[in-house]
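Colleague: Here it is, the structure in full.
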Amino acid sequence: MRKGMRTLVLLAAMGMSCAAAWAEEEALPQLDLDLPSGVYRCEEGTKQLGVERVRQDSDKVVVRWEGKRYTLARDVSFSGLPRYEDRQNGLLWVDLPWKSVLLNTKTERPMAADCVYAQGVDPSVLDAPVKVAAAKTKKKTAAKPSKPAPQKTAKVTTASSSN
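Mature numbering (1 follows the signal peptide of the UniProt record, and there is no 0) puts the sequence shown at residues -23 to -1, 1 to 140.
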């Protein structure tokens, strides 16, 4: 055990995560939760995504996000909770029974938070065109005052009298 602990400390000092180091030393038990496939609504319904469980390989999920499909592989977590990552595209899906989150690992910010399974929602809703709120917002410009129409002025002609 002391040798294992010493190895852990050395690996952590070299920049290896504790979870990965522990997994190499002794297999970390990972939870195998039976979570549903389908549509997940996030941030009180303002965003949605699809999660498809790969039945042949429980270490993979397919996430449908903004019109694209991403295959994410199970990543070892110290807590054992399910987390799936696509390192190439910088996506991390933390998959919990009570709520889940899709993170951008490059910016370290959530892309979709507080995601919950939307029971009974047809996955075809994910095939609809993606609506981007920022692109649809129209700037309201103040009405430009129109140029006043030129006023017609009557020419005053003076009649000259000839004697």
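The beta-carbon is built from N, C-alpha and C at its ideal position, and this holds for glycine as well. Predicted model only: the values in this text are computed from it and were never measured.
Name the residue from Ala50, Pro87, Asp99 and Gly44 whose alpha carbon lies nearest to the alpha carbon of Glu62.
Modeller: The candidate whose alpha carbon is nearest that of Glu62 is Ala50.
Colleague: For Trp42, write down the residues that DSSP places opposite it in a beta bridge.
Modeller: Answer is Lys45.
Colleague: When the distance is taken between beta carbons, is Lys83 closer than 8 Å to Gly67?
Modeller: Yes, these two residues count as a Cβ contact at 8 Å.
Colleague: Can you give the Cα-Cα distance for Asp104 and Ser35, rounded to whole angstroms?
Modeller: Approximately 25 Å between the Cα atoms of the pair.
Colleague: Using CA atoms only, rank isn't needed, just tell me which of Val16, Leu12 and Asp91 is closest to Lys37.
Modeller: Out of Val16, Leu12 and Asp91, Leu12 has the C-alpha closest to the C-alpha of Lys37.
Colleague: Excluding the 5 residues preceding and the 5 following Asp72 in the sequence, name in chain order all residues of the same chain whose CB lies nearer than 8 Å to its CB.
Modeller: Hits under 8 Å: Leu10, Leu12, Val28, Val38, Leu58, Pro59, Arg60 and Tyr61.
Colleague: Just tell me which of Val40, Gln25, Gln7 and Gly97 has its CA closest to the CA of Asp91.
Modeller: When only C-alpha atoms are compared, the closest one is Gln25.
Colleague: Between which residues of its own chain and Lys76 is the CB-CB distance below 7 Å, once the five residues before and five after are set aside?
Modeller: Only Asp91, Cys92 and Val93 meet the Cβ criterion.
Colleague: Could you pull the DSSP bridge partners for Leu80 from this structure?
Modeller: Beta-bridge pairing links Leu80 to Leu69 and Pro87.
Colleague: When the Cα atoms are used, what is the spatial distance from Gln96 to Leu80?
Modeller: Taking the straight line from one Cα to the other gives about 23 Å.
Colleague: Looking at Val16 and Val98, is the spacing between their C-beta atoms short of 8 Å?
Modeller: Taking 8 Å as the Cβ cut-off, Val98 and Val16 qualify as a contacting pair.
Colleague: For Ala4, count neighbouring C-beta atoms within 10 Å of its own C-beta (all shown protein chains included) and say buried if the count is 16 or more, exposed if not.
Modeller: Classification for Ala4: exposed.
Colleague: Arg30 and Ser14 - do their beta-carbons sit closer together than 8 Å?
Modeller: In contact: Ser14 and Arg30 (Cβ atoms closer than 8 Å).
Colleague: Please say whether Val78 and Ala89 have beta carbons closer to each other than 8 Å?
Modeller: Their beta carbons are under 8 Å apart, which means Ala89 touches Val78 by this criterion.
Colleague: Helix, strand or coil: which one does DSSP assign to Val53?
Modeller: DSSP places Val53 in coil when its eight states are reduced to three.
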